[in-house]
Structures are given as C-alpha cells and as structure tokens.
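This note's numbering applies: residue 710 is where the sequence shown begins, and numbers increase by one. The beta-carbon is built from N, C-alpha and C at its ideal position, and this holds for glycine as well. To start, the structure itself, in structure tokens.
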Amino acid sequence: MPRHDRGAPWVRTRLRTAPLSTIAFGVLVLVTAFLAAVLPRAVEAYETDGLRESLASVSPDSTVLELRAPAPGLERPERARADAVSPEALAAVHDTVRGLLPTPLRADPAQSAYGVRTAKSLVALDASLPRPDGLPPRFTAFAQSGAAGHATVREGRLPTAGAVTVDTRVVEGAVTAETARTMRLRTGSELTLGGFTDGPLTVRITGILEPLHPKRSYWSAEPVQRTPALTNNGGRPAQLYWEAGVLLAPGAAPALLGGQGEPEKYWRMAPETERLTGADASALVAAVASLENGPGLVRMRGVAGPTAQLSTGLEQVVGSYTAAREAITPVVAVAAFGIAAVAVVVLVMSGGLAAARREAELALLRARGGSLRGITGRLLAETAVPALPAAACGLLLAMLVIDEAGSLPSVLGAGAVALLACAVLPVRALVAHRRPRAHLERDDLAHSRPGARRTIAELTLLVLAVGSVAALRRRGTGGSGDLLVSAAPVLVGLVAALVLVRLYPLPLRWAAGPAARLRGVVGFLSLARAGRSPASVATLPLLALLTALTTAAFGGSVLQGVADARDRAALLATGADALVSTTDGAALPAGLARAVGDVKGVRQVTAVSIMYASEGASDEAQSLPVVGVEPDSYAEVARRMGLGGFEAGRLEVGDGVLDAVASPDVAERLGRAPRRIVTDGGPVRVRITEVRPRTPALTEGEFLLVDAAGLKGVGAPTTLLAAGAGLDAKALRTAVREAGADLSVTLRGDERAALSDTPLQEGAERIYVWAVAAGAGYAVLALVFGLLRTAPERAALLARLRTLGMTARQGRRLLGLEALPQALLAAAGGMAVGWVTVGLLAPGIDLDRLALAGAAGVTAPDAVLRADMWSLVLPAAGAVLLAGAVAVAQAWWAGRRTPITHLRAGDMR
710 MPRHDRGAPW VRTRLRTAPL STIAFGVLVL VTAFLAAVLP RAVEAYETDG
760 LRESLASVSP DSTVLELRAP APGLERPERA RADAVSPEAL AAVHDTVRGL
810 LPTPLRADPA QSAYGVRTAK SLVALDASLP RPDGLPPRFT AFAQSGAAGH
860 ATVREGRLPT AGAVTVDTRV VEGAVTAETA RTMRLRTGSE LTLGGFTDGP
910 LTVRITGILE PLHPKRSYWS AEPVQRTPAL TNNGGRPAQL YWEAGVLLAP
960 GAAPALLGGQ GEPEKYWRMA PETERLTGAD ASALVAAVAS LENGPGLVRM
1010 RGVAGPTAQL STGLEQVVGS YTAAREAITP VVAVAAFGIA AVAVVVLVMS
1060 GGLAAARREA ELALLRARGG SLRGITGRLL AETAVPALPA AACGLLLAML
1110 VIDEAGSLPS VLGAGAVALL ACAVLPVRAL VAHRRPRAHL ERDDLAHSRP
1160 GARRTIAELT LLVLAVGSVA ALRRRGTGGS GDLLVSAAPV LVGLVAALVL
1210 VRLYPLPLRW AAGPAARLRG VVGFLSLARA GRSPASVATL PLLALLTALT
1260 TAAFGGSVLQ GVADARDRAA LLATGADALV STTDGAALPA GLARAVGDVK
1310 GVRQVTAVSI MYASEGASDE AQSLPVVGVE PDSYAEVARR MGLGGFEAGR
1360 LEVGDGVLDA VASPDVAERL GRAPRRIVTD GGPVRVRITE VRPRTPALTE
1410 GEFLLVDAAG LKGVGAPTTL LAAGAGLDAK ALRTAVREAG ADLSVTLRGD
1460 ERAALSDTPL QEGAERIYVW AVAAGAGYAV LALVFGLLRT APERAALLAR
1510 LRTLGMTARQ GRRLLGLEAL PQALLAAAGG MAVGWVTVGL LAPGIDLDRL
1560 ALAGAAGVTA PDAVLRADMW SLVLPAAGAV LLAGAVAVAQ AWWAGRRTPI
1610 THLRAGDMR
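Written out as structure tokens, the structure is:
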C-alpha cells in the first residue's frame, strides 16, 4: 500500500487530540520521578553530612589512628637501636602502613605524623618551674616529624640534632607558646629531665612555636604536646602537678632510648573525612576492628614489628553516629512510605481519568473487533511517549540538585515511576474491556458490591497492618531494615480508608431521608449525587487523603515531640530558666539574689544550699543530698518550672521535726514517720510530707528538701535559681559579673540551643516536612482528579437543573454540598486515624533517641509520643476547605457557559 494511503499514526493522532492532558500527565510523571529519585539522594546526603560532622565535632584524639611499637630493647646493639628510630626508618614504615589502611579509611598526609616519644612522662628537676602543690612538673618528650610545616617560630629557631646517640644527654627542643607561658620557659631555658641511668637529660629550648592549626590532629592528637594540663596524683589528699610536652628534633630520638620513660615508636594517621559518605559507616567500623584485632593488625605488624598495636576511638564516634541514624531512619521511612502510597494513588487515578474519558472510544474499538493486545499495546505506546522522557528529566533534575550521592537507588525510583505511569492506562483498559460490552454498567457506591477478591485483599492488608503495629510496639524502631515496621502508619491509614469506603454509603442513606422532607431540593440532590458517584471516584481520593492526613499527623506529632523532649532536657540541665552558682562551691555573695531579682523578666528567685547526710548513726558515708530552701520562693519556682511543684506549707518546722519533700527512693527508705538523719551540723529529725520525682535544685537522683531555717549548720547558699521565660540574659550576666568574679551563669535557652539539630537530625526533619508537604499536594491532586472524573456529568446535571429554574447560587451550593460528604469523611477519618495511629505506635517510638541523638551528658527526659492537635486539625480542615473551593470553582466555571453547551441530543450523561 502506498505510504499516502496509510492512516495517520495512532500515537501522534492521540497526543495531538489532547495536548493539554498529555502535557499535564508528563508534568505529573516528571515531578513524581524527581521525588522518587531525589529522596534517596537526599537521605544519603544528610547521612554523609552527619557522619562528617560527627567526625569533625570530636577532638582529634578520638579519631586519629595511632600505631605504636616499643623501642628496640637492650639486646640489640646501640647502633642498631639508633638506626631503628632514625627519621628515615620511621618514614619508610609510615609510608607503608598508610597504604595498608583498608577501604574506606584513608590517611590525611597533612595532619599525620610519626616519631618517638616517652610513653611515661619524665620528671622535671628544675626548681624554677611551677609547682602548684609542691609536686614537680612532668614532661613528655616528642621527637616528632613535620614541626616546620605545622608551626611558626615566634622566638628562636627549630631544634636540630647532630650526631645523637643513646648516650647523648644534651639535646635541643622547642615548646609551644602556651607551654612556655605556663611553665615559665623562654628561648635559652634548659629543662632537666630525670629518669636516665647515667645522669639527667638536658633539653635546651631553642624556639617558641605557635601552632598553625592547634585544633587539628598534629597538635591535638595528644593535647599535652600543645597545652599543659593540671593532673591529679590520685593521692589523699589529692595534689596537682603540671603535665607538659617538649618537642625534640626527629634526629634526637636515640637520646630517649637511654632513659626510663618507656620510649616507643608511633605512627599517627589522621583519617581523611572529606571523601567519606554515610554508606561507609559500617565499612569504617569493620576496618577499625580489623586494624585493632584482625587481619589488618597482622599486616601492620609485618611492617612495624611483631608487638605493634593500633588504637583509635574512631569506632566509638562512628558507633554513636550509627545509633543516631538507626533511630532516625525508621521515622523518615514513614514519610517515604506515606508519600509513595499517595503518589501511587494519584498515578493510578490519572490513568483512571484517562480511561474514563475514553471509555466509549475503547468500548467501540473492542466491539468492532479490536484485540486486547492491539489496544493495550497502542495505549502503552501512547503513555510511554510522554512518560519516559518526563521520568528521565526528573532523574536528571534530581542528580543536578544533589550531585554527591549514589545513582542506583535514584535510577530504580525513577524507573518504577515510569513503569507505573506507562502501565496504568493499558492495565485499566485491559481489565475493563476483557469482553466487549453493549452498554456501560452502573459503578456507583449504591450499586457496587465488594467482590471476594477485594475482600481477600483487604483482609491481607489488615493482617499486615496488625502485624506491623504489633512489631513496632514490641521492638520499637531500633531494628534495621524492617520496612514493614516503618510502613505501619501507612498501613493503618489504608485499612481505615477501606473501612470508611465500605461504611460511606450508610450515613448518606440515613441523611437522605430527612433531607427529602425539606422544602428545598439542594440538600437531597447533593446527598443523592454523593451516593451515586462512581466507586473508584470515592475510594481512591479517600485513600489518598487518609494516607496523607495520617502521615502528616504522625510526622507532626513526632516533630513536636522531639521539640518538647529537647525543651524538657534543657530544663533538666538547669532546673530553672537561669542557674547561678560558684565555680569552686563557695557561698554566693550577699545581695546577689536581690540583684538577680531586679533583672528584667525575672519572676522569682530562690537560693538553695546543698549538703549531705547519713540516714543513721551506723552509716559513716554521708550520701543523702539534703537541700535547704526558702519554702515560699522555692515552691513558686518549682511550680513555674513544672518540676515537682508543691505547697510551701509542706516544709513547716515544728516540735523539733522538719517537714520534707523527698524523692521516691528516699521516701521508701525513710517512711512517713519522723526519722533521724545526721548532717555536718549534727543530727536532725525529718518527716516526709510529699513525694516528688524531680526538683529544680537536683533534677536527677535522690533528694530531700527541707526548710533551710530549721537546718543546723547550714552554710550560705551556693546556688541561685531564677524563673522567668522572658528574662534579659545580657542584663543577668552583667548583674552576676558585678557581684563576683567566680560565678557562672547557665541559661535554659543556651542549653536548648546546644541541643539544636545535628546535620543528621536536621536533614531528616527537612525531608519529613517536605515529604508531608508533597503528600498533601498529591492528596489535593487526588481530590481534583476525583472531581474531574465526574465533572462532565455534574456540568450536564447543572445545565438540566438550570433549564428547570435552578439559580446559579443554588447550583454552587449543590456542587459544594455534593463534595462535602467525602471531604468531611476524609477529614474526620484522618483526624481519628491519626490520633489512633499515634497512640498505637507511641510505645515503639523512642523520642529521647530522636531528640538527643549525639548529645553527651544530657539527662533523658523520658519523653512519650503524644498526638499533636495542630497536626491533626490543620491538615483536615485544609482538606475540607479545598474540596469545597474546588467544587464551587467548578460550579462557577460551568455557570459561565450556556446550558446548550453541555446538552446534546442523545447524550446519556
């Protein structure tokens, strides 16, 4: 057949017939593919940022890899011993062991170093050095490489080494400016270090150094090398002495071999963190385990010696990060499942809308002999033309937005979206037109009846939902990789949607009877129309809305719970809005309470004294904390802070007995009868009148509150608590600074700011918020698609009613009321299901881990997940308002046209 006699290509013809629909479908696929591709990349990006931040935020001595080997023993000749610690020999080992680090560990050559040091510090015999408690200072000698590249010389020059041997007793050295200032050293000073058999080692200071990067690994892997520190000798009474470091020339290492400082060789490798990703966390832990006690250590010993040992704190840092990630990931997965479920519903609805629009066309093709294979193949080609390029563009856009992430999850996500988008319309057509039909059957809620297959599918979904909720309540979110547990909120929402769809016709029938007896026809017609809407139109939008509302309610409750947990943890850290105390435990200056009380925003101030008592004459140890307070002011502060509030009258003093408020453990031991305890001021009788789990002065542990006026031997207050949500922090610090120099101020707001999000937490919360927003957008699209599905029928009905005398205002009311039952059902169901979901899943969500992941030294507030009312009400109200607005807008648009536009002879709508 000649080419000009052939018909026009099917795909081109169909796409030209409905260009706007094709463009809208392509945009929907592009956005969905972008979200499916960008989500795993965003998760990997914030996990990578979290890992790098975790490694960068700790001190270098916690992350550096240090390989140590003892210096050669006396059994070897002195020449061989000196050669073994020469800079050339150490450098050769350093270069080799760097190459032996297992993947993904890589050493940062700029911050790595090697050398010889004294594992045991040496006593400095010079009388001119500071001695806090009469004890001489001790110095650790470092013959370390690379000093010239990591410091500037403020005075003098860098140390050099000539022909140094084991017997050399005079060497050159350098100290940092901080060490020189603390230890009273200068260029030309001499350090006399004991611990050598044939006389002390003299170190002549030739230079004062200023570290270029004092916080990085070269200087901070062993902080004493940079900054002297006071050390406790562990005796009774405790005495302090200085520990400092002195830097020798690398060639002076043999001089350290002749002493009792236990010299050792070391190779310090700072890990390179810029190339690490979140996916490397498990491999990092495995690599460190291999190096510390595994095949990696065997390889290291083959180079550094048979007794070499590698140590690092890297696995603890990565372990803390992994624990935080495992606490956060399941909650993020809830959002991912939510948006995925709603997006699938919207894509299915888009295909259903196209199939409904072409129902008559496809039925005609089938009746005229069209094969299912030919029809579905043409429909597949028709949808693939816009869907595949749109999915590819979405994938490309995701890669451009976040470039530092793996590609495979993104490709799989975008590919799944493209496959679903291409398959929906052909599958719908295949199912609907398995056999030719002479006429279309009714498919409304009043007529349709669930079949056996649907019942089995719903029961299966119910079993999955029950199992996931039970698993989450029993195991929590601590398990890794359990997708069923993370899908629990979505499954609960899906089950609730299916239940509501089955119950949906009942209230419509109940309301239709009273509405029929009303004078107007708008109410009855709206209810009748809502009940006659197609089952698919009622089911899928309701499913999308309930899933989106449940995900939003659960996520909003979790985010609010995290914020509340951090607020509570900050309060437990201070006990009040402001905490003023002395740095050495001495008494507070007189008049400080009045000065603090005059600060703007302070509502109440109370001073407390803390002492310890024994609970009986036979108890030698005084371990019971006794807090002396002023009852009125302290009770007011406790009430304002919500930490064990009580009536001031519970701390009365009478008949030689002090009424007390105690913690539960103390109350259980002492009982409610008067009990004798022994304090530093002598014995006192107390009677417990109230029991409280916490109190502002001691937010954790045991306590016993009494009136300070009746407590014998109580000293001046040592702590000041101030309550006032809007207190002026700057004015408070000024007032405290003017009262005394040795006073510290701790603000609740500062503690709360310190608990701000890590990159891991911030990224997870940002993804959850965007996922909830995207889910809401898809739910809106589902609602719009549902209305568009029946828009021609509603427009035709409105046109007929207008010919019968219905006004435009009544038409808008009719369409608005028609959309209202489904929106109200979704809103009420969404709030109810969200509330139930939070209650069901609360025992399995550890808010403390989510809120305080990575925070050290913070008291866990034992937070419990509770439903947040705003997260329940606002999305539901928005769904109702949006549904009404869309219906009214459609009525307005239909009213602009004449009835003849919608009515045609023989039109069966």
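query = Which parts of the region 1493-1551 are runs of the alpha helix (DSSP H), unbroken and 4 residues or longer, counting only runs that do not cross its ends?
reply = 1500-1512, 1517-1550
ask   = At a cut of 8 Å, does the region 740-747 reach the region 1105-1115 through at least three beta carbon pairs?
value = These segments touch.
ask   = Around the Cβ of residue 922, are there at least 16 other Cβ atoms within 10 angstroms (buried) or fewer (exposed)?
value = exposed
message = I'd like to check one pair, residue 833 with residue 841: are the Cβ atoms closer than 8 Å?
response = no
Under 8 Å between C-beta atoms of residue 1529 and residue 1433 = In terms of Cβ geometry, residue 1529 and residue 1433 do not form a close pair [threshold 8 Å].
request  = Consult DSSP for residue 1476 and reduce its assignment to one of helix, strand or coil.
outcome  = Reduced to three states, the DSSP call for residue 1476 is helix.
ask   = Taking the alpha carbon of residue 811 as the point to measure from, which residue in 928, 969, 888, 980 has its own alpha carbon closest?
value = 980
query = According to the Cβ coordinates, are residue 996 and residue 814 closer than 8 Å?
reply = yes
ask   = Would a C-beta distance cut-off of 8 Å place residue 1258 and residue 1483 closer than the cut-off?
value = no
request  = May I ask you to report which of helix, strand or coil DSSP gives residue 1198?
outcome  = helix
ask   = Any idea if residue 1190 is buried or exposed, counting beta-carbon neighbours within 10 angstroms, 16 or more meaning buried?
value = Bear in mind that a pLDDT of 44 at residue 1190, under 50, signals an unreliable position, so the number given afterwards is only what the model happens to contain. So residue 1190 ends up on the exposed side.
query = Any idea what DSSP makes of residue 1423, helix, strand or coil?
reply = coil
query = Where does residue 687 sit, in a helix, a strand or coil, going by DSSP?
reply = Limits of the chain in this structure are 710 at one end and 1618 at the other, which puts residue 687 out of reach.
task = Output the residue ranges of the beta strand (DSSP E) runs that lie fully inside the region 1283-1328 and measure 3 residues or longer, sorted by chain position.
result = 1287-1291, 1313-1322
Residue 1138 to residue 1090 span [Cα, whole Å] = 14 Å
ask   = At which residues does the beta strand (DSSP E) containing residue 972 begin and terminate?
value = Start and end: 972-978.
request  = Could you tell me if residue 1034 is buried or exposed, where buried requires 16 or more neighbouring beta carbons within 10 angstroms of its beta carbon?
outcome  = Residue 1034 comes out buried.
task = Please report how far the alpha carbon of residue 726 lies from the alpha carbon of residue 1597, in whole angstroms.
result = Approximately 29 Å, taken between the alpha carbons.
Sequence ranges, beta strand (DSSP E) only - wholly within the region 764-828, length at least 3 = 774-779, 822-827
key: Exposure label - residue 1374; buried when at least 16 CB within 10 Å   = exposed
request  = May I ask you to verify whether the region 1459-1469 touches the region 1341-1353, counting CB pairs closer than 8 Å and requiring at least 3?
outcome  = no
key: Given 8 Å, three or more beta-carbon pairs between the region 771-783 and the region 1490-1506   = At 8 Å Cβ cutoff, the stretches do not touch.
task = If I'm right that residue 650 touches residue 1000 with Cβ under 8 Å, what's the distance once you round it to whole angstroms?
result = A query on residue 650 cannot be resolved here, the shown segment of the chain reaching from 710 to 1618 and no further.
task = Please check the pair residue 1123 and residue 735, which I expect to be a contact at CB under 8 Å, by giving their CB distance rounded to whole angstroms.
result = In fact, because the Cβ distance is near 14 Å, the residues do not count as touching under 8 Å.
request  = Label residue 790 either buried or exposed according to how many other C-beta atoms from any shown protein chain fall within 10 Å of its C-beta, with 16 as the threshold for buried.
outcome  = buried
message = For residue 870, which residues in the same chain have their Cβ closer than 6 Å to its Cβ, ignoring the five residues on either side in sequence?
response = 958, 960, 961
task = Within its chain, find whatever has a CB closer than 6 Å to the CB of residue 723; leave out the 5 residues flanking it on each side and keep chain order.
result = 1091, listed in sequence order.
message = Using the three-state DSSP reduction, which class does residue 725 fall into: helix, strand or coil?
response = helix
For residue 849 and residue 896, the rounded distance between their alpha carbons = 19 Å
Candidates 823, 1117, 824: closest to residue 753 by CA position = 1117
ask   = At which residues does the alpha helix (DSSP H) containing residue 885 begin and terminate?
value = Where residue 885 is concerned, there is no enclosing alpha helix (DSSP H), although the beta strand (DSSP E) it sits in stretches over 879-885.
request  = Look up residue 920 in the DSSP assignment and say whether it is helix, strand or coil.
outcome  = strand
Coil, strand or helix - residue 1084 by DSSP = helix
ask   = From residue 947 to residue 938, what does the alpha carbon distance come to, in whole angstroms?
value = 15 Å
message = Are the CB atoms of residue 1050 and residue 1256 within a distance shorter than 8 Å?
response = Inclusion of residue 1256 and residue 1050 in the CB contact set at 8 Å is warranted, their separation being smaller than that value.
Span of the alpha helix (DSSP H) around residue 1428 = Not the alpha helix (DSSP H): residue 1428 falls in the beta strand (DSSP E), residues 1428-1432.
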